[in-house]
Structures are given as structure tokens and as C-alpha cells.
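Colleague: So for the sequence shown, my numbering puts the first residue at 1; every next one is plus one.
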Amino acid sequence: MSDKLVVLWGRDQGANNVLDLVEKSAKEQGLRVFRIPGLNSEISEEHRSVALHASAVVLGVSGNMPEAKFAYWLLANNPKLAGKIIVVEDFPTSNGVQDDILRSIARSLHLCAILPSAPNAPELSVYRQVHTAGYPDHWIPAIENIRFGIEARKSGGIRKRIRGHVESHPLGQNEVVIYVSGFSGFTAEYLRRIMEIEKVLDVSVVMHYRAHPSEQNRPELSQVIKERDALLEGRWEIANPEIADVGRDSDPRLIGVSDITIANPGHVSTFYAGSLQKKMICIMEFLENKDVGSSSYDYRFAGLRTHLIESFSDLPQAVKALLNDGSPESRNLAEKQRLNTIPFDPQNPPSYGKNVVDVIKNLI
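1. Going by alpha carbons, who is nearest to valine 356 out of Phe312, His110, Ile150?
2. What residue does the alpha helix (DSSP H) around leucine 101 start on, and which one ends it?
3. Verify whether the separation of the beta carbon atoms of arginine 35 and leucine 5 is less than 7 Å.
4. Within 10 angstroms of the Cβ of threonine 261, are there 16 or more other Cβ atoms? Answer buried if so, exposed if not.
5. Is the separation between the beta-carbon of valine 359 and that of histidine 131 shorter than 7 Å?
6. What separation, rounded to the nearest whole angstrom, lies between the Cα atoms of glycine 14 and arginine 159?
7. Return the CA-CA distance between aspartate 100 and lysine 80, expressed in angstroms with no decimal places.
8. Classify glycine 164: buried if its beta carbon has 16 or more other beta carbons within 10 angstroms, exposed otherwise.
9. Would you identify the three-state DSSP class for methionine 207, choosing helix, strand or coil?
10. Name, in chain order, the residues that DSSP records as bridge partners for leucine 129.
11. Take every Cβ of the region 185 to 198, pair it with every Cβ of the region 269 to 282, and state whether three or more of those distances are shorter than 8 Å.
12. From what residue to what residue does the alpha helix (DSSP H) around proline 66 run?
13. Among Ile86, Ala321, Val7, which one has its Cα closest to the Cα of aspartate 202?
14. Confirm, please, whether the CB-CB distance from histidine 208 to glutamate 237 is below 7 Å.
15. What number of angstroms, rounded off, separates the C-alpha of methionine 280 from the C-alpha of glycine 266?
16. The beta strand (DSSP E) that contains lysine 272, what's its start and end?
17. Counting only the same chain and skipping the five closest in sequence on each side, list residues whose C-beta sits under 6 Å from that of phenylalanine 183.
18. Between aspartate 251 and arginine 210, how many whole angstroms is the CB-CB distance? I'm expecting something under 8 Å.
19. Whose C-alpha, out of Ser104, Gly247, Ala188, is nearest the C-alpha of leucine 221?
20. Confirm the yes/no value for this check: CB of valine 97, any heavy atom of the ligand ATP, distance under 6 Å.
21. Output needed for isoleucine 309: all residues of its chain with C-beta closer than 8 Å, excluding positions within five of it in sequence on either side, in chain order.
22. Buried or exposed for glutamine 337, going by 16 or more other Cβ atoms inside 10 Å?
23. Is DSSP giving tyrosine 190 helix, strand or coil here?
24. Does the contact criterion of 3 or more C-beta pairs under 8 Å hold for the region 89 to 96 versus the region 59 to 75?
25. May I ask which residues mark the beginning and end of the beta strand (DSSP E) holding isoleucine 143?
26. Three or more C-beta pairs closer than 8 Å, one from the region 132 to 146 and one from the region 337 to 356: is that the case here?
27. In the DSSP output, which residue or residues are listed as bridge partners for lysine 160?
28. So isoleucine 36 is in the beta strand (DSSP E); what residue range does that whole segment cover?
Shown next, in the form of C-alpha cells:
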């Protein structure tokens, strides 16, 4: 098998996250692997030639599906690659089936999906074959970090501080923690409208906003960041460094600490936070038409495990209702989460990378 070459490529961060798993497992199993540098970069002619003569090509799924265009080019120039190109999901049901180019060639492609397909799922009639690979290995640490946050909140050791200050104070027993999980380009107007929910609550609120780390590398967002910082100045936030200052682990830990999380319907935590019965509100108004149109994912699926609302005008009432465990909204969310729980077993993880490599080995 060592003479077989497997080429991997994906454009965006999510695609590269799962390709990391596939690459690691393929090397462990003795396959020759070539990874085309892919994070927001074009493919060189040299790298195209390498992929053209590979035994198999593994592609991610990114916005606007550049991977579909690449697969189309590969098949046009080497028809023998039909049946040897594998598309891998990094987000459940985000499999490219809405892309016209992909649909035109998908009978020559295999799909490795995260969750089992529903009986009438479109990917079953689009792709040559669909294989269930299980959820990505890196979901397990995120789940454990949510649990870390849950236990920290139960312990009574959560502290708060004024943003920008060092001095901290214990979180009051009756104070409500609302965590706002930011995404790239999260506007000050979004934040301002979310802050308005405090007007309808009769309890003290600590509203912690966390910016998406990718914004640090986008100078064009500097004004947006300044406007948000101005709104956050002088406000309470979670002070515990083991919660709020641990890089990418902070997001799931803050979900665990919070009474309610407000998130984008495309946040991957919508799949596993529900399995831990964490209350989450997703707002469809966060999405721009171009986001919805360029994605193969139906963002309304977030409503299977979260409280999905259309607009910011629905938010105050949604928060007020979910803070009451006996409300119809809380009971409905709990039932949805019970029915759609993903069975996680940290002692027996799904080995996403290995499962994808098993598919590759069967094809080459």
C-alpha cells in the first residue's frame, strides 16, 4: 500500500481541521500522503499535477465549494480518478450537495459524513456512496471543556470583574450568566441589540462576549472591534482565567458556565451542547443571504438542539422564557435535546480519521 499516494486539500479552517485527522491516521497506517497547502490559498500547477496522478484525493467542504471545482478539473483531466475522490464533512450535513458543480460530478465521488444520513437525505441520491465516519475526534475535548465549565459553575467558584480591571468578585448566587459566542465580523450593532435583553429581566446579568480568534488576523475589522470594545467598556465579564483565558478552550468552557449561550446557527457547538442539556439560542438574523446561499448546510437544523429564533426582536422574550425551567420553551428545548442527543463516549471515541482512511484503503 506504501506505493499508493493520497492527496488532501481543503480551503477553509473547518475543512483543514478534519483533514488533519485524516492525514495523521493515513501516515500512521503507512500511506504516502501529500497535503496541498490549503488555508485560503490557491493550488499551484505543480500541486495540481501531483493530485492528477494520485491514487486517491480527499477534499474538504468550504464556502463556495472550491473543492468541487478542483474535483471537476481532476475528473476532466483524468477520468480514472472517478470513484477515487472522497469528500469529507467537517460539519454535519455540510456536504456540498447544493453546489451545482458538485452535483454534476458527485456520482464519481464518495462522501464521508459525520452522522448517519436520514432515509431521504439528498446526499444519498447525489453521491456515488455515503460512508458514516462519526463525529470528529476534536469534538471530544470540546465536550469535556463544556463539562469543565458546568462543574466550575456548580462549585460556586465563578468570579466576575469589570472588563479591563484586575479586581474580581464572586458571582452572585442569583446572577445570570449569558455568554455571547462571537464569530468573525460580529458587529457592534449585534452586540448592542443583544444587550437590550437586560431591560426585560428582573435579575442581575453578567453578559460575557468572546470575540472569534480569527479576527486578530483581519485588519479590516479593526473599526468593528473598536466599536464593540466601546460597548463592552465598564461591563461585567467572567474573570476566572481557567475559563475565559484558555484560547480555543474558552468557548466551550464559557458555554458550560453560562445559563444561556447566544450563538450563530452555524456554530458546531449546536450539535454537542444540546447533548449536555445546555440552553442555547441561535439567531437566524446573524446569517447573511450570501452565507445561506453558499452553504450546503441547512442552518435551520440548529433548531433540533437549540432554541432557534428568527431575529433579535425575538431575543428578549426567548431569554426570559428559557430562564424559567418550567416554561413551555424550556420544556420544548429539553425534549428536543433529549431526542437529538449525540452519544459521546470519551473512552471510546469515534476515530474519524481512521474511519475515513478505511474508506480510502478500500478504494485504492
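Glycine residues also receive a C-beta, built at the ideal position from the N, C-alpha and C atoms.
Modeller: Result, derived from the coordinates:
1. The shortest C-alpha separation from valine 356 is found at His110.
2. The sequence given here places isoleucine at residue 101; leucine does not occur at that position. It spans 100 to 105 - the alpha helix (DSSP H) in which isoleucine 101 sits, taken as one unbroken run.
3. No, the pair does not count as a contact, with Cβ atoms beyond the cut-off.
4. By the 10 Å Cβ count, threonine 261 comes out buried.
5. Contact: yes.
6. Rounded to whole angstroms, the separation of the alpha carbons of arginine 159 and glycine 14 is 33 Å.
7. Each residue's CA atom was taken as its position, placing aspartate 100 and lysine 80 some 22 Å apart.
8. With fewer than 16 Cβ atoms within 10 Å of its Cβ, glycine 164 is classed as exposed.
9. It is a strand residue.
10. The residue asked about is misnamed: residue 129 is glutamine in this sequence, not leucine. According to the DSSP secondary-structure assignment, glutamine 129 is paired through a beta bridge with His110.
11. Contact between the region 185 to 198 and the region 269 to 282 is absent, with fewer than three C-beta pairs closer than 8 Å.
12. Per DSSP, proline 66 is one residue of the alpha helix (DSSP H) stretching across 66 to 77.
13. Ranking Ile86, Ala321, Val7 by Cα distance to aspartate 202 puts Ala321 first.
14. In this structure, glutamate 237 places its C-beta atom within 7 Å of the C-beta atom of histidine 208.
15. In a straight line, the C-alpha of methionine 280 is about 12 Å away from that of glycine 266.
16. The residue asked about is misnamed: residue 272 is tyrosine in this sequence, not lysine. It is not in any beta strand (DSSP E) - tyrosine 272 instead sits in the alpha helix (DSSP H) that spans 269 to 272.
17. Excluding sequence neighbours, phenylalanine 183 sits near His212, Asn264.
18. 6 Å between Cβ atoms; contact.
19. Ranking the options by Cα distance to leucine 221, first place goes to Ala188.
20. No copy of the ligand ATP appears in this structure; indeed no ligand is present at all.
21. The answer, listed in chain order, is Ile281, Cys282, Ile283, Met284, Leu315, Ala318.
22. Looking at its Cβ environment, which holds 16 or more other Cβ atoms inside 10 Å, glutamine 337 is buried.
23. Looking at tyrosine 190 - three-state DSSP - the assignment turns out to be helix.
24. Between the region 89 to 96 and the region 59 to 75 there are three or more inter-stretch CB-CB distances shorter than 8 Å, so the stretches are counted as touching.
25. From DSSP, isoleucine 143 is part of no beta strand (DSSP E) but of the alpha helix (DSSP H) over 139 to 155.
26. The region 132 to 146 is in contact with the region 337 to 356.
27. Paired residues: His169, Ile238.
28. Where isoleucine 36 is concerned, there is no enclosing beta strand (DSSP E), given that its DSSP letter is neither H nor E.
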